[in-house]
Amino acid sequence: MGLANTAYVPYTMGKDYRLVFYETAAGRIPVRDYLRSQSKTVRGVAGWLLTRLEEEGPDLERPAADHLGDGIYELRIIVAGDQHRILYFFADDTIVTTNAFLKKTRKVPIVEIAKARSARAAWHAGEAAP
Numbered sequence: 010m011g012l013a014n015t016a017y018v019p020y021t022m023g024k025d026y027r028l029v030f031y032e033t034a035a036g037r038i039p040v041r042d043y044l045r046s047q048s049k050t051v052r053g054v055a056g057w058l059l060t061r062l063e064e065e066g067p068d069l070e071r072p073a074a075d076h077l078g079d080g081i082y083e084l085r086i087i088v089a090g091d092q093h094r095i096l097y098f099f100a101d102d103t104i105v106t107t108n109a110f111l112k113k114t115r116k117v118p119i120v121e122i123a124k125a126r127s128a129r130a131a132w133h134a135g136e137a138a139p
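Numbering (this note's numbering), first residue to last: 10 to 139.
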């Protein structure tokens, strides 16, 4: 039995990632603003998961993180039954957090994914603060 049917998953642990909060052209920082409006517990869990994300990059898997498709990922923060999400994307060695919200539906709302895609497009076009 060989490795022919084995999926190759790149191992990126030990790689240096830089995590940044996306800033709009108008100077808003959506993820920071969302976290500031949450309880100390939510902020603490989010901080711990953001640190893990920075350390592990794309190797951070469920239940902590998940790939939503099209290069957009979610950080999954669950506190007291509430499901908070931070969406992000990778730009080389940079992890850009784009938006955050309280998830109230089974699937991540399309409008939230669209916000992340829009932020990514602005980031790559140089229309957002680096």
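All C-beta atoms in this analysis are idealised placements derived from N, C-alpha and C, irrespective of residue type, glycine included.
When DSSP states are grouped into helix, strand and coil, TYR97 belongs to the strand group. Going by DSSP, LYS112 is part of the beta strand (DSSP E) stretching over 103 to 112.
For the pair VAL51 and ILE86, the CB atoms are nearer than the 8 Å cut-off. With respect to ASP42, ASP102 sits apart: the two C-beta atoms are not nearer than 8 Å. Sequence-distant Cβ neighbours of GLN47 in its own chain, meaning closer than 8 Å and more than five residues away, are ALA55 and HIS93. Of ILE95, ALA35 and ALA34, the smallest CA-CA separation from ALA109 is found for ILE95.
The C-beta of LEU111 has fewer than 16 other C-beta atoms within 10 Å across all chains shown, which makes the residue exposed.
Under the 10 Å beta carbon count, VAL120 is surrounded by fewer than 16 other beta carbons and is classified as exposed.
DSSP places VAL29 within a strand segment (E or B) once states are collapsed to three. Distance check between ALA125 and each of GLY53, THR60, VAL105 and VAL88 places VAL105 closest, using alpha-carbon atoms only. GLY78 is bridged by DSSP to ILE81. For the pair GLU65 and ARG27, the Cα-to-Cα distance works out to about 11 Å.
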